[in-house]
Amino acid sequence: MLATGGLIRVNDYRISRRKHCPSLLRIRRDSYNGGDAHMSNGLARKSIFGTALKLLKLTAEEWLDDKAPQLGAALAFYTVLSLAPLVLILLAIIGVIFRHDPAGAWTKLTEQMSYFLDKSAIQVVQDIARTASTPGKSTLATIIGIALALFGASGVFGQLQDALNTIWGVKAKPGLSIWGFVRARFLSFAMIAGACFLLLVSLAIEALLKGFSNYIQAALPGGLTIAVSFYLIFDFAVVVALFGMIFKILPDVRTRWRDVWVGAIMTAVFFVIGKWALGLYLGSGTAASAYGAASSLVTLLLWAYYSSQILLFGAEFTQVYATEFGGRIEPDNYAVRIEHKEVELPRSPTR
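For the sequence shown, the residue numbers in our numbering are 3 to 353.
Right, dumping it as structure tokens:
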């Protein structure tokens with residue numbers, strides 16, 4: 003198209019891949035095959051396996067296009083900084099709810115964390131918990147500490163919200179900086195409360211499952227296999243629920259729950275596989291062996307970084323799936339859509 007100052011060539015291929023097109027697969031096949039009828043027949047002939055590969059390919063392209071490695075590095079940094087405040091908040095909640103046996107409740111909670119954290123990360127969490135559980139000098143100091151911990155812990159969720167907004171192609175409306183900051187912090191506090199509630203509920207349900215599994219093992223042959231299957235299904239459901247909360251609440255977009263659950267399930271699959279692979283890689287000790295006394299911190303940073311990449315890749319998959327097969331994606335009332343275009347301006351004549 004023509005514009006003041008010369009000819010501007012727009013990269014249509016890039017635009018066709020952007021976030022909010024009605025159907026990325028449809029537009030790209032249209033450009034090559036020509037026509038909705040031909041596209042529909044071709045799509046009907048496509049196998050599920052081929053469609054899945056296409057989705058993964060588009061997800062990888064979007065993941066690179068959104069600079070997810072850089073977003074994951076920032077998210078890993080905020081995760082490590084927010085770890086101590088999060089542990090302090092968990093200790094405060096456990097002290098109120100499980101006042102009769104806080105030590106036992108904390109032990110069970112760290113067992114629950116093993117589904118999300120690496121062994122080295124859990125060790126760091128336990129060290130932080132022992133330090134944070136030291137009695138404070140006064141009640142006022144404890145209250146101030148918890149308030150500061152809430153603000154500090156919200157940083158990781160604020161960074162995660164910014165990364166998800168980048169993936170979904172939206173940003174906060176201009177002119178709402180103060181209100182946007184307050185709203186982002188409120189959402190972060192809500193996510194902290196939701197994550198703590200989910201962990202505590204899973205702790206209670208796991209206790210019920212333990213009693214039920216004991217009954218199953220005593221009443222049925224092969225009950226151990228059934229009990230282990232119950233545990234695995236429950237643990238996977240907890241991971242799916244957490245990812246579903248993140249993808250539905252944090253991004254400044256309106257999406258359907260059915261699209262969110264598909265993405266959350268796939269992200270949980272990626273996360274379980276990635277956690278197993280990370281355990282093999284980090285457990286060997288070769289990744290951080292060169293850092294000496296700082297090896298624990300380096301291992302924690304590596305775990306946070308690679309886990310962030312898995313989470314962001316799952317978020318990209320959710321966005322691509324919702325764009326391709328889900329409902330219309332719209333920014334909420336406090337956000338605007340971002341459209342990216344590549345242009346090539348003519349070179350200035352040399353003098």
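Even for Gly, the Cβ is constructed at its ideal location relative to N, Cα and C.
- [ ] Report yes if the C-beta distance between residue 320 and residue 265 is below 8 angstroms; otherwise report no.
- [x] At a Cβ-Cβ threshold of 8 angstroms, residue 320 and residue 265 count as neighbours.
Open item on the list: Taking its Cβ as the centre, do 16 or more other Cβ atoms sit within 10 Å of residue 255, making it buried, or is it exposed?
Closed with: Buried, because 16 or more other Cβ atoms sit within 10 Å of the Cβ of residue 255.
Open item on the list: Counting C-beta neighbours from all protein chains within 10 Å, is the total for residue 72 16 or more, i.e. buried, or is it exposed?
Closed with: Under this definition residue 72 is an exposed residue.
Task: Assumed close pair residue 272, residue 312 - CB separation to whole angstroms, cut-off 8 angstroms - done: Confirmed, Cβ separation roughly 5 angstroms.
- [ ] Could you check the C-alpha separation between residue 316 and residue 350 for me, to the nearest Å?
- [x] In this structure, the alpha-carbon of residue 316 lies about 43 angstroms from that of residue 350.
Open item on the list: I need the DSSP call for residue 333, collapsed to helix, strand or coil.
Closed with: Annotated three-state conformation of residue 333 is strand, per DSSP.
Task: CA-to-CA distance, residue 218 to residue 230, given in whole angstroms - done: For residue 230 and residue 218, the distance between alpha carbons rounds to 11 angstroms.
Task: Residue burial classification, residue 337 (beta-carbon count within 10 angstroms, cutoff 16) - done: By the C-beta density criterion, residue 337 is buried, having at least 16 other C-beta atoms within 10 angstroms.
Open item on the list: How far does the beta strand (DSSP E) with residue 174 in it extend, from its first residue to its last?
Closed with: Membership of residue 174 in the beta strand (DSSP E) is indicated by the continuous run 172-174.
Task: Span separating the alpha-carbon of residue 32 from that of residue 56 - done: With a pLDDT of 41 at residue 32, under the threshold of 50, the predicted position of this residue should be treated as unreliable, though the coordinate-derived value follows. When rounded, the distance between both Cα atoms is 15 angstroms.
Task: Anticipated Cβ contact below 8 angstroms, residue 109 with residue 124, distance rounded - done: Incorrect: roughly 11 angstroms between the Cβ atoms, too far for contact.
Open item on the list: Quick check on residue 345: buried or exposed, where buried means 16 or more other Cβ atoms within 10 Å of its Cβ?
Closed with: So residue 345 counts as exposed.
Task: Exposure of residue 282, with buried meaning 16 or more beta-carbon neighbours within 10 Å - done: Counting the other Cβ atoms within 10 Å of the Cβ of residue 282 gives fewer than 16, which makes it exposed.
Open item on the list: Between 305, 323, 237, 234, which has its C-alpha nearest residue 258's C-alpha?
Closed with: Here the closest residue by C-alpha is 323.
Task: Cβ neighbour criterion (16 or more within 10 Å) applied to residue 43 - done: No answer about residue 43 holds up, because its pLDDT of 49 lies below 50 and its placement is not dependable.
Open item on the list: By the DSSP assignment, the alpha helix (DSSP H) with residue 64 in it spans what residues?
Closed with: Segment 50-67, the alpha helix (DSSP H) holding residue 64.
- [ ] Could you have a look at residue 349 and say whether DSSP puts it in helix, strand or coil?
- [x] The three-state reading of DSSP puts residue 349 in coil, since its state is none of H, G, I, E or B.
Task: Cut-off 7 angstroms between Cβ atoms - residues of its own chain near residue 332, not counting five sequence neighbours on either side - done: Within the same chain, residue 332 has close Cβ partners 255, 256.
Open item on the list: Beta-carbon within less than 7 angstroms of residue 339's beta-carbon, same chain only, minus the 5 sequence neighbours each way: which residues are those?
Closed with: These residues qualify, in order along the chain: 22, 171, 172, 333.
Open item on the list: Please give the ranges of any alpha helix (DSSP H) in the stretch 224-278, keeping only runs that are unbroken, at least 4 residues long and fully inside the region.
Closed with: Runs found: 225-251.
Task: With 16 other Cβ atoms within 10 Å as the buried cut-off, status of residue 50 - done: So residue 50 counts as exposed.
- [ ] Please determine, among 166, 275, 85, the residue with the shortest C-alpha to C-alpha distance to residue 128.
- [x] Answer by Cα proximity: 85.
TODO: From the DSSP output, read off the bridge partner residues of residue 338.
DONE: Beta-bridge pairing links residue 338 to 173.
TODO: Go to residue 222, then tell me how far its alpha helix (DSSP H) extends in each direction, as first and last residue.
DONE: Counted as a single uninterrupted DSSP element, the stretch harbouring residue 222 is not any alpha helix (DSSP H), since DSSP gives it neither H nor E.
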